[in-house]
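Undergrad:
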DNA sequence: GACACGTGGAG
DNA sequence: TCTCCAAGTGT
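In the UniProt record's numbering, the protein residues as written are 1 to 370.
1) Decide if residue 228 is buried, meaning its Cβ has at least 16 other Cβ atoms within 10 Å, or exposed.
2) Look up residue 163 in the DSSP assignment and say whether it is helix, strand or coil.
3) According to the neighbour-count rule (16 or more other Cβ atoms, all chains shown, within 10 Å of its Cβ), is residue 100 buried or exposed?
4) How far does the alpha helix (DSSP H) with residue 65 in it reach, from first residue to last?
5) Hey, would you say residue 53 sits closer than 7 Å to residue 60, going by beta carbons?
6) Are the beta-carbon atoms of residue 163 and residue 238 separated by less than 7 Å?
7) Taking only three categories from DSSP, how would you classify residue 97?
8) Do residue 356 and residue 310 count as a contact pair if the criterion is CB distance below 7 Å?
9) Classify residue 251 as helix, strand or coil using the three-state DSSP reduction.
10) Given residue 85, which residues of its chain have a CB within under 6 Å of its CB, disregarding the five upstream and five downstream residues?
11) Among the residues of its own chain, which have a CB less than 8 Å from the CB of residue 260, if the five just before and after it don't count?
12) Tell me whether residue 150 sits in a helix, a strand or coil according to DSSP, three-state version.
13) Do you know how far the Cα of residue 336 is from the Cα of residue 149?
14) For residue 133, count the other beta carbons within 10 Å of its own beta carbon; 16 or more makes it buried, fewer makes it exposed. Which is it?
15) Anyone know if the C-beta pair for residue 185 and residue 165 falls short of 7 Å?
16) Please give me, in chain order, every unbroken run of the beta strand (DSSP E) with length at least 3 that falls completely inside the stretch 295-349.
17) State the start and end residues of the unbroken beta strand (DSSP E) segment that holds residue 267.
18) Is the stretch 198-217 in contact with the stretch 16-35, if contact means three or more CB pairs nearer than 8 Å?
19) What residue from 323, 338, 82 and 350 has the CA that sits closest to residue 361's CA?
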C-alpha cells in the first residue's frame with residue numbers, strides 16, 4: 001500500500017525517467033532548423049540568439065515549419081537584429097510578412113521590436129513575466145523564449161505538448177479544460193536539466209513521432225511509459241470540442257489595369273481581418289450568398305468584364321469573390337487608392353486572397369520577379 | 001470562455 | 001472535395 005508521499009515520489013520518478021528518455025532521443029533525432037541551436041553547440045557553450053528565437057516563435061504560431069523557413073531567412077536577411085527591425089518601416093514589414101497569415105502578428109512584431117530596442121542593450125527580457133508584457137507574446141511564447149533562448153525552466157505547452165501529454169497519461173478531459181492537468185505534468189517533468197532542449201524535444205516528438213494521425217508509436221522513446229499505447233488507441237487523444245461549421249460569404253473584387261500594367265490598390269484598416277494589408281477594391285463581403293455582386297459598387301465606372309470567381313478559405317468563413325477586370329485609361333486614383341506599377345505588384349503587402357484575385361484577372365501579375 | 005484571426009499541406 | 005490542422009494571441 002503506497003502512502004501519499006510514496007505515490008508522489010513514484011510520480012516524480014516516472015516524470016524524471018520520461019524527461020531523461022526524451023532528452024536522449026532528442027540528442028540523436030532532433031530536427032535541424034534554421035533558428036535552432038543544436039545540443040552539440042549548446043554543450044560547447046554557444047548560446048541561442050534571443051532575437052532569432054523570438055522571431056521564429058512568432059512566425060511559428062499556428063504556422064507550419066515549412067511555411068516559416070523562407071520567411072525566417074528573408075527577415076533575418078533584411079533585419080539581422082532587433083534594432084534593425086525596430087528601425088524598419090512598418091509597411092516593409094507587412095510586405096515581408098505577406099502570405100504568412102495572421103497579420104496582427106506582423107504589427108505586434110514591429111511594436112515589440114521597438115519596445116525591446118529601447119531596453120538596456122536592446123536585450124529581450126529573460127523571464128516569462130517580462131516577455132509576457134510584450135505585444136504578440138502570450139503564455140506559450142513567453143515560456144518558449146525563456147526556456148529555449150535563456151535555458152531557464154518554463155512550462156512550454158503548445159499543441160504538440162498537449163497531444164504528447166494527454167496520450168502519455170490518457171487524459172480524456174477535453175481541451176482547453178485539460179490544460180491545468182497537462183501543465184502539472186509538464187512542470188514535474190521539468191525538474192530535469194536542459195529546459196530548452198526539453199521543450200524542443202517535446203515539440204519534435206509531437207511533430208515527428210506522436211503525430212495527430214497515425215502516430216509512430218513503435219519508434220517512440222516513451223512508449224514503455226505511455227498509457228495510450230496500452231489502451232491501443234493513442235489517436236483518441238487529445239479530446240477536443242467539435243468545431244463550428246464555417247459560413248460562406250460573397251462579394252465582388254475589381255481589378256483596374258492601367259495601360260502600362262499598373263493595378264489600382266488600396267490599404268485595409270489597421271485592425272481586423274487582413275489588418276494593414278493591401279487589397280484591390282471590393283464590395284463588402286456579405287453573409288448573403290445571393291447578395292448583389294454587380295458592377296454598381298466598382299471604384300469608378302469602367303468597362304468591367306467578368307474574370308471569374310475565386311474561393312478563399314479563412315479560419316472562420318469561406319469567401320467567394322466575383323472578379324471583374326477593366327482597362328483604365330488615364331484614370332486618376334480615387335481617394336485612398338493608389339496605382340501599383342506592374343513591376344512592384346509582387347512586392348506589395350498583398351495577402352494570399354488578393355494575389356488570387358489579381359491572378360484571376362491578370363495571370364502571372366503577382367509572380368513577376370520571383 | 002468564446003470568438004476573431006490566414007494559409008497551404010496532408011490524408 | 002473536404003476536414004483537420006501548425007510552435008497561439010488579443011479582445
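C-beta atoms are modelled at their ideal positions from N, C-alpha and C, and glycine is treated no differently.
TA: So, from the listed chains and residues:
1) Numbered from 1 along the first chain, position 228 holds the residue referred to as residue 228. Buried.
2) Translated into the one-based positions of the first chain, residue 163 becomes position 163. The answer is helix: DSSP assigns residue 163 an H, G or I state.
3) Position 100 of the first chain, counted from the start, is the residue given in the question as residue 100. With 16 or more neighbouring CB atoms inside 10 Å of its own CB, residue 100 falls in the buried class.
4) One-based indexing of the first chain puts residue 65 at position 65. For residue 65, the enclosing alpha helix (DSSP H) has its first and last residue at 65-78.
5) On the first chain, position 53 is the one that residue 53 refers to. On the first chain, position 60 is the one that residue 60 refers to. Judged by their CB atoms, residue 53 and residue 60 are not nearer to each other than the 7 Å cut-off.
6) In the first chain, the residue the question calls residue 163 occupies position 163. In the first chain, the residue the question calls residue 238 occupies position 238. Taking 7 Å as the Cβ cut-off, residue 163 and residue 238 qualify as a contacting pair.
7) Translated into positions along the first chain, residue 97 becomes position 97. Residue 97 falls in the helix class under three-state DSSP.
8) Counting from 1 along the first chain, the entry for residue 310 is found at position 310. Counting from 1 along the first chain, the entry for residue 356 is found at position 356. In this structure, residue 356 lies closer than 7 Å to residue 310 by Cβ.
9) Residue mapping note: residue 251 aligns to position 251 of the first chain, counting from 1. Look at residue 251 here: in three-state DSSP terms it is strand.
10) Here residue 85 corresponds to residue number 85 of the first chain, with the count starting at 1. Closer than 6 Å at Cβ, skipping near neighbours: 79 and 113.
11) Locating residue 260 in the first chain gives position 260, where the first residue counts as 1. Sequence-distant Cβ neighbours of residue 260 in its own chain, meaning closer than 8 Å and more than five residues away, are 341 and 342.
12) Locating residue 150 in the first chain gives position 150, where the first residue counts as 1. DSSP places residue 150 in helix when its eight states are reduced to three.
13) Counting from 1 along the first chain, the entry for residue 149 is found at position 149. Counting from 1 along the first chain, the entry for residue 336 is found at position 336. Taking the CA atoms as reference points, residue 149 sits about 43 Å from residue 336.
14) Counted from its first residue, the first chain places residue 133 at position 133. The residue in question, residue 133, is exposed, as its Cβ has fewer than 16 Cβ neighbours within 10 Å.
15) Here residue 185 is taken as the residue at index 185 of the first chain, counted from 1. Here residue 165 is taken as the residue at index 165 of the first chain, counted from 1. In this structure, residue 165 lies closer than 7 Å to residue 185 by Cβ.
16) Assignment of beta strand (DSSP E) within the stretch 295-349, counting only whole runs of 3 or more residues, yields 305-313, 318-328 and 337-340 in chain order.
17) The residue given as residue 267 occupies position 267 in the first chain. Annotation: the continuous beta strand (DSSP E) that includes residue 267 extends over 263-267.
18) With a cut-off of 8 Å, the stretch 16-35 and the stretch 198-217 count as touching, because enough Cβ pairs lie within range.
19) As a first step, residue 361 is located in the first chain; it is residue number 361 there, counting from the start. Taking residue 361 as reference, the option from 323, 338, 82 and 350 with the minimal CA-CA separation is 323.
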